[in-house]
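A.B. asks:
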Amino acid sequence: MSGISNKNIYNERKSLFYNRLKFLIEQSNMTYQDIGNRLPYYKGRQAFSQAFNNQTMKFEALIALCDILGYNLKTEIVKKSGEEILEDSLFQFSSEGRLHELKNQIKEKDQVIADLRSNLQDKQTLIELLEQRSQVQK
28 MSGISNKNIY NERKSLFYNR LKFLIEQSNM TYQDIGNRLP YYKGRQAFSQ AFNNQTMKFE
88 ALIALCDILG YNLKTEIVKK SGEEILEDSL FQFSSEGRLH ELKNQIKEKD QVIADLRSNL
148 QDKQTLIELL EQRSQVQK
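What follows is the structure in structure tokens.
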């Protein structure tokens, strides 16, 4: 089951990556013909368009496309990795913070229970003393 979810995550990330490239292509005002002529493996508009739209471009061509568009993959990869590490750290911190908070609540509840037990013990002792006194007076 985890293999399926991993595949879905991979496909989602791949789709996001291609959408980002599509946005950059639109921003660059370059045509698919211009790009296709500059890429390895995909000479011309039709070959590039088909591979790009089907999201099946070869890795070397993707790198070349990123270079053409000025999209720094290394920076983006580091940025995404940094964001993921930050999210994981924040989640861990919030989890640890929540755990610490829960531990404090448990300590407080344990103290309340100890106080109640002590109070109950005092009352039981008082009752016993009163009963003994009552019996002595009889």
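For the sequence shown, position 21 matches number 48 in the working numbering, and the numbering has no gaps at all. We put the beta carbon where it would ideally sit given N, CA and C, even for glycine.
Give the straight-line distance between the Cα atoms of residue 85 and residue 47, rounded to the nearest whole angstrom.
C.D. replies: So the alpha carbons of these two residues sit roughly 17 Å apart.
A.B. asks: Is the separation between the beta-carbon of residue 88 and that of residue 59 shorter than 8 Å?
C.D. replies: For residue 88 and residue 59, no; Cβs fall outside 8 Å.
A.B. asks: Taking only the alpha-carbon atoms, compute the straight-line gap between residue 75 and residue 56 and give it to the nearest angstrom.
C.D. replies: Roughly 16 Å between the two C-alpha positions.
A.B. asks: Give the straight-line distance between the Cα atoms of residue 91 and residue 64, rounded to the nearest whole angstrom.
C.D. replies: So the two alpha carbons sit approximately 11 Å from each other.
A.B. asks: Excluding five sequence neighbours on each side, which residues of the same chain lie with their C-beta closer than 8 Å to the C-beta of residue 28?
C.D. replies: Any answer about residue 28 is weak, because its pLDDT of 46 lies below 50 and its placement is not dependable; what the coordinates show is given next. Excluding sequence neighbours, residue 28 sits near nothing in its chain.
A.B. asks: Indicate the three-state DSSP secondary structure (helix, strand or coil) for residue 152 in the structure shown.
C.D. replies: Helix, per DSSP.
A.B. asks: May I ask you to report which of helix, strand or coil DSSP gives residue 129?
C.D. replies: Three-state DSSP puts residue 129 in a helix.
A.B. asks: Please report the distance separating the alpha-carbon of residue 129 from that of residue 34.
C.D. replies: In a straight line, the C-alpha of residue 129 is about 36 Å away from that of residue 34.
A.B. asks: Roughly how many angstroms separate the alpha carbons of residue 97 and residue 73, rounded to a whole number?
C.D. replies: Rounded to the nearest angstrom, the two C-alpha atoms are 22 Å apart.
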